[in-house]
Structure formats: structure tokens, C-alpha cells
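Novice: Here it is, the structure in full.
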Amino acid sequence: MSTNNTGALKLVAFLLFDEMDLLDFGGPYEVLLTANRLSERAGDPTPFRVHTVSPDGQPVTAYGGVGLTPAGSVADIERTDVAIIPGTIDPKQVTADPAITAAVATLTADASITASVCTGSYLLGHIGLLDNRDWTTHWEDIADLQQQLALRDDADSRLHGRSDRIVDTGRVVTAGALACGLDLGLHLVARLVSPDLARQTARQVDFPWGGHSPHSQRRIGETGQG
């Protein structure tokens, strides 16, 4: 089955940093890799080249203690089509870290699309990318992020928090809490390649999206035996 992929290769960079939420990164990362695999299976070119970078190229430790080794540093990326920023349990701590905020600013400066998952939106707001835009974040942090943005100049133009899973304003795409990273990955596949490939990818990872119902319907404890 064709994936309807006729576009150019999209360069996607994920920023990794200490105490980031693993699912915020792993969800969309796995979706994009799955879209590539399905495209190869169909005989189509792979649509995404995925990179992982940290501010200085050094390994990071995600929330919960999982170590991750990036492919390089932000400085190694000459250009990127899509920059993806994960969230963290303590967004105020990372927005106070100049190395992380500088890395976000550098990575997103020339990106055609900047995306965040969960509280990664705090980092986008910190560098001004949420100015005059609708946005979303973890559902329990919407009011707090609005308050944080209100501390900036021209605050009234920045209070556009929404409790949606995905908010796409063109150059900036924000996703809600944690598992919404899967929605983000599928949204990017649909937008940048085709809705058909996104639906195939949702089916492959067994995630309810775009009208697809998951294959695995049984509840915990049900064996299916009569």
C-alpha cells in the first residue's frame, strides 16, 4: 500500500536535556520512525531524518534516571525542518537554565516548525515563541503558564492557553500532556507527508487517532478464554 509520500526528506531534531520526560520524547520519536518504516515497506522514500541533540552533545539523564546519549550537540545541526522540545516535571527549573534556553533558541531559530510536548511549551514561551499564539500544555499547568507569560511585556496578547491535545498555529505546534506526544507525531506525519500515512502509522502503533480504533480492546484481567 502506498503511503502517498512524494515530498522531500524532512529533518527533525529532538532536544534532549536533564530531567526531561521520557514519554514526551519517545512518543513522537517512535511515531516518526514507524512512519519511515511503513514508507520503506511500501517502496516509498523515507520522509524523516531524525536527530537527537543535547545542548552540549553530552549524555543526559531523563526524569526517573534513564540515561540517553544524543547523536550530537545543537551546534552540530546546520538546519532543521522540525524542532521538537519535550517537557519536564519542573518546567520552571529548566527555563531558569541558560544552557537549555539558549539551546532551544538556537535550535528553533530557523526551523520551519517548532513543536513542544507537555510542559515543553514553557520553554517556547520563555523565548517568545508563544507570543500572540494559541497554545496548549499539560492540562494542569495551563493556568500557571498563562500566569508565567503574564509576567512578560504585552501580557494580554499572550493569554491563549487551550485544553486541546494539539494546537497548530503554523510555525508553532504545541501538544498537551505526555501521551499527547503520540498525537503530535501523527499530526506531523499527516501535515508533512499525508493523512493516509498518519492513519497507517496510528494503526501500526495501535493508537486511536483519526478514526482508527485500537486493535487491543480487552481490559486488564480478561483472557479471552471461554
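Our numbering puts the sequence shown at residues 2 to 227. By construction, the Cβ of each residue, glycine as well, lies at the ideal position given by its N, Cα and C atoms.
Give the DSSP-derived three-state secondary structure of Asp184 in the structure shown.
Specialist: DSSP places Asp184 in helix when its eight states are reduced to three.
Novice: Closest to Gly28 by C-alpha separation, out of Leu183, Leu108, Ala104, Ala9, would be which residue?
Specialist: Ranking Leu183, Leu108, Ala104, Ala9 by Cα distance to Gly28 puts Leu183 first.
Novice: Mind pulling the alpha helix (DSSP H) runs of 4 or more residues that sit fully within the segment 9-57?
Specialist: Counting only runs of 4 or more, we get 23-42.
Novice: Just the Cα atoms here: how many angstroms apart are Ser113 and Ala84?
Specialist: Approximately 8 Å between the Cα atoms of the pair.
Novice: When you compare each of Arg134, Ile101, Ala110, Asp111 to Gly121 by their alpha carbons, which one comes out closest?
Specialist: For the residues Arg134, Ile101, Ala110, Asp111, the minimum Cα distance to Gly121 belongs to Ile101.
Novice: Within the segment 83-108, note down every full beta strand (DSSP E) run reaching 3 residues or more, in order along the chain.
Specialist: Listed in chain order, they are 83-86.
Novice: Hey, quick one: how far does the alpha helix (DSSP H) through Thr70 stretch, first residue to last?
Specialist: First-last for Thr70: undefined, no H or E at that position.
Novice: From Ile90 to Met21, what distance separates their C-alpha atoms?
Specialist: Distance between the alpha carbons of Ile90 and Met21 is about 7 Å.
Novice: Taking the straight line between their C-alpha atoms, what separation do you get for Pro200 and Leu146?
Specialist: According to the sequence displayed, residue 200 carries Arg and not Pro. If I take the Cα positions, the gap works out to 32 Å.
Novice: What did DSSP end up calling Ala199 once you bin it into helix, strand or coil?
Specialist: Note: Ala199 maps to helix in three-state DSSP.
Novice: Check for me: the beta strand (DSSP E) holding Ile114 runs from which residue to which?
Specialist: 114-118 is the span of the beta strand (DSSP E), which, as asked, contains Ile114.
Novice: Which two residues bound the contiguous alpha helix (DSSP H) that contains Ile143?
Specialist: Residues 143-151.
Novice: From Ala203 to Thr96, what does the alpha carbon distance come to, in whole angstroms?
Specialist: Going by the C-alpha atoms only, they are around 33 Å apart.
Novice: Which of the three DSSP states, helix, strand or coil, is assigned to Val168?
Specialist: Val168: strand per DSSP, three-state reduction.
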